[in-house]
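For the sequence shown, the UniProt record's numbering assigns the number 1 to the initial residue and increments by one for each residue that follows. Backbone N, C-alpha and C define an ideal beta-carbon position, used for all residues, glycine too. Presented below is the structure to which this report refers.
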Amino acid sequence: MSLFELLIIILFMLLGYATSRIRSKFVNVFIDVLNKYLFYVAVPITIIMKIGFMHIDYQFALLIFISLLHIFLIFGISFSLIRLVAELIEAFSASLSLSMPNSGYLAIPLAIILWSNSIYVIPYMIAFNIVLPIITLFLAYITAKRGYDKKTYLKSIPVFTALIVALTIKMFLDIGYNAIVETIDFVISQSFYLSFILIGEAMGKLTVKTFRKSTKIILISFLIKYVISPLIAISLVHTILVKASENYLYVHGIILQSLMPPAVTNVILSKIFNLDDELVALLLVLLTPISIAISIALGATILPRLV
């Protein structure tokens, strides 16, 4: 991540924070339109780009499978533990944050810093984009069960359709990652910086009461993210991956992904499906700097010795 990118992120977060302090119909409409663009346009196109046009061989597919297992296991474990101390919606919100990490926009630059190549974190990023449509359908079900309009299910259609389109391209068309695809992918990827406006807006709603109310959730989240998650990742790769020692950088990539903080996409999902967006923003803000520090430290010390 360059200094310019960091400045853009800070600027957008400050802009979002400012919007949370302004009571205006225009501001509310702006936030709503931005959220809908990211969810109904940017996310589906990203799913198509990341799944439909990536070259995948047997070993790569196995790494994706391991990543999928990791995501589902972390969601289940997170929900089971956090539900002991929190309400249902808080448990879903925290579980979403812990199981759906920043597998692309943070993991890729960190991988480049550590190994001068981002390919080792790509299997997990693809798994993230496969799970995302499934998660949206699940959240639509939960939202409808809570008494919201049954049309909530319609919200999951664009993302789920994108997964079908991506799999169709992958299985029947076999189109490579060419210049046109790369350009579209780049433009859409850049637009995700706008999501930091949503994070800033959610942060503006945080209060001391939010921190106090969420203390137990935060402590459990730290345990899951920095102890349970990497241990499960290590167990999965050494149980399932054939010749793990020969693919040790991919193993390191999955371990790195297991430490990543919540994805920015989680803030978008929490707003679309009426989850606890304040809790989602809180976990993102707290875990991101810690994850970066731990990942760089492990990448420079322990991971090179871990096969």
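- By the Cβ neighbour-count rule, K216 is exposed, with fewer than 16 other Cβ atoms within 10 Å of its own.
- Residue pairing by DSSP places P101 opposite P262 in a beta bridge.
- Sequence-distant Cβ neighbours of F128 in its own chain, meaning closer than 6 angstroms and more than five residues away, are S103.
- Membership of R212 in the alpha helix (DSSP H) is indicated by the continuous run 208-213.
- Counting only the Cα atoms, F30 lies some 37 angstroms from G253.
- The beta-carbon separation of L96 and N274, rounded to 13 angstroms, does not stay under the 8 angstroms limit for a contact.
- For D32, the enclosing alpha helix (DSSP H) has its first and last residue at 25-37.
- The DSSP-derived three-state label of F222 is helix.
- The C-beta separation of I184 from L81 comes to about 40 angstroms, leaving the pair out of contact by the 8 angstroms criterion.
- For H238, the enclosing alpha helix (DSSP H) covers residues 229-240.
- Look at the beta carbons and you see the segment 51-62 not touching the segment 20-40: under three pairs across the two are nearer than 8 angstroms.
- Runs of alpha helix (DSSP H) with 4 or more residues, each lying fully within the segment 149-184, are found at 157-168, listed in chain order.
- Distance from the CA of G52 to the CA of I45, rounded to the nearest whole angstrom, comes to 10 angstroms.
- As the crow flies, the alpha-carbon of I294 is around 22 angstroms from that of H238.
- I240 and A61 have their C-alpha atoms some 12 angstroms from each other.
- For the pair I71 and I228, the CB atoms are not nearer than the 8 angstroms cut-off.
- DSSP, reduced to helix, strand and coil, places G52 within a helical segment of the structure shown.
- Judged by their CB atoms, V41 and L132 are not nearer to each other than the 8 angstroms cut-off.
- Residues of the same chain with a CB within less than 7 angstroms of the CB of I272, apart from the 5 flanking positions on each side, are N35, F39, K155 in chain order.
- A144 and F192 have their alpha carbons spaced roughly 28 angstroms apart.
- A direct Cα-to-Cα measurement between A166 and L84 gives close to 38 angstroms.
- Look at F4 here: in three-state DSSP terms it is helix.
- Around the CB of D276, 16 or more other CB atoms lie within 10 Å, so the residue is classed as buried.
- Secondary structure at S118: coil, using DSSP grouped into helix, strand and coil.
- Rounded to the nearest angstrom, the Cβ distance from S67 to Y124 is 4 angstroms, consistent with a contact under 8 angstroms.
- The Cβ atoms of I64 and A162 do not sit closer than 8 angstroms to each other.
- In this structure, DSSP gives I134 a helical state, which the three-state scheme calls helix.
- With a beta-carbon spacing of about 6 angstroms, M13 and I199 fall inside the 8 angstroms limit used to define contacts.
- Note that the C-beta distance between G16 and F222 is not below 8 angstroms.
- T19 and F186 have their C-alpha atoms some 27 angstroms from each other.
- Under the three-state reduction of DSSP output, I22 falls in the coil class, being neither helix nor strand.
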